[in-house]
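>
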Amino acid sequence: MIYLDSAATSLQKPPEVARAVARAMHSCASPGRGDHAAAMRAAETVFACREEAAALFHMTQPENVVFTMNATHALNIAIRSLVREETRVAVSGFEHNAVMRPLYASGAMIQASDTPLFDSEALIRWFEQSLPGCGAAVCTCVSNVFGFILPVREIAMLCRQYGVPLIVDASQSAGILDLDFPGLGAAFAAMPGHKGLLGPQGTGILLCRDAGMPLLSGGTGGDSRSHFMPETLPERLEAGTHNVCGIAGLREGIRFVRRRTTQRIYSVEERLMHRLAARLNKLPGLRVFLSERDNQSGVLSVIPSGMSCDALSERLGAAGIAVRSGLHCAPLAHETAGTIQTGTVRLSVSPFNTPQEIDCAAERIENILKNSYKL
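Quick note on numbering: the sequence shown equals residues 887 to 1261 in our numbering.
1. Pick out the complete beta strand (DSSP E) segments inside the stretch 898-969, 3 residues or longer, and give them in chain order.
2. Should D1055 be labelled buried (16 or more other beta-carbon atoms within 10 Å of its own) or exposed?
3. Can you tell me whether DSSP reads S1211 as helix, strand or coil?
4. Look at the alpha carbon of H982 and the alpha carbon of V1209, and state the distance between them as a whole number of angstroms.
5. What residues in its chain sit with their C-beta under 8 Å from that of V932, if we drop five residues either side in the sequence?
6. I need the straight-line Cα distance from T1001 to I1226, nearest angstrom please.
7. What residues are listed by DSSP as bridge partners for G1090?
8. Does the beta-carbon distance from A1223 to L1003 come in below 8 Å?
9. Threshold first: 3 residues or longer. Then list the beta strand (DSSP E) segments lying entirely within the stretch 1133-1206, N to C.
10. Return the first residue and the last residue of the alpha helix (DSSP H) that I996 is part of.
11. Would you tell me roughly how many angstroms separate the C-alpha atoms of P1086 and M911, rounded to the nearest one?
12. If we call anything under 8 Å between Cβ atoms a contact, is A984 one with G1090?
13. What are the boundary residues of the beta strand (DSSP E) that V1231 is part of?
14. May I ask you to report which of helix, strand or coil DSSP gives F1238?
15. Return the first residue and the last residue of the beta strand (DSSP E) that L1052 is part of.
16. Helix, strand or coil: how does DSSP classify F1114 here?
17. Who are the near neighbours of E937 in its chain, counting only those whose CB is closer than 8 Å to its CB and skipping five residues on each side?
18. The alpha helix (DSSP H) spanning C1045 covers which residue range?
19. Could you tell me if L1136 is buried or exposed, where buried requires 16 or more neighbouring beta carbons within 10 angstroms of its beta carbon?
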């Protein structure tokens, strides 16, 4: 199988990740739940992952790295911390349902940009006009549908200028693009462990500037007499038993990213995406969403004219090419780009893909389209 669905989940991972998960399963208990060797080993493993993540995101305080189940969990904590009913919230027009649904559930007054796909300058102008009077802003680093790299640094600067706390969704950028969290000045940044950080599913990270509002309450392994969650991070936002095995694997994924560097990883993925786009752009009956600017990651969406996106995805799957079709849990992005009626077929690469795999995938897409013309 040629795996081109890394925007959903990284399937190909460094071998150290699986080994660390298995090792933790056999040797780690729960951190903060005892003074014996297995509990202490778990505590050391969890803290070591915090340190790796803090180093990757240029943070000096590992305790401000909070572990979650996934990016959705992290975003819910961030939104709960900042947004109340009727809070005005400015968001980009490319946000995932992991952002939009919690905002709607909170009763927020949502202002979403309608600026064109890949037009960074227009998006910056929209935020500059929309931020005054807002109680919060949310912006994804990279569109999970189109690979559009949003101008988060400029938007963060505007948020600081207008005193608006910013939540950054780094789901499609963590481990691929450099994220200087302190330099950004955002209130929170959320990400999964299982995408660009190359860790196991069921892991996530919330980077916190300050202590937020707990989404869950429960045991933290300390201060058990208190009826309330602790005031300090990370315990304030980490109720219950940690996914120690997942965190052990995540540590190895982050270590791989740090060794390889985000600059090299992004360079590989961008080259592969452009190689694929160059092949697909030559095919009649296929709309390819490729930026003319230097602001697209290793994610490429296409729409065939002679069949549905689901049909193309299904035929590619049967031909051994793993992709994803549909709205990708981001209907707002499709409304912004004008693809809400059809969705797209999304092809997304990883640092483990090869040019040969890209050429093979393009050839199979071409063959599928040619055969559809003959029907």
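Positions of the beta carbon are idealized from the N, C-alpha and C atoms, including for glycine.
Since we're looking at a predicted model, the values are computed, not measured.
In short:
1. 951-954
2. buried
3. Residue state, collapsed to three classes: strand.
4. 18 Å
5. P917, F953, H1128, V1130 and I1133
6. 15 Å
7. T954 and P1078
8. It is a contact, given that the beta carbons lie within the stated cut-off.
9. Within the stretch 1133-1206, the beta strand (DSSP E) runs of at least 3 residues that lie entirely inside it are, in chain order, 1172-1175 and 1185-1190.
10. Unbroken run through I996 is the beta strand (DSSP E), M995 to A998; no alpha helix (DSSP H).
11. 13 Å
12. No, the pair does not count as a contact, with Cβ atoms beyond the cut-off.
13. T1230 to S1234
14. coil
15. L1052 to D1055
16. coil
17. P948
18. Where C1045 is concerned, the enclosing alpha helix (DSSP H) starts and stops at V1038 to Y1048.
19. buried
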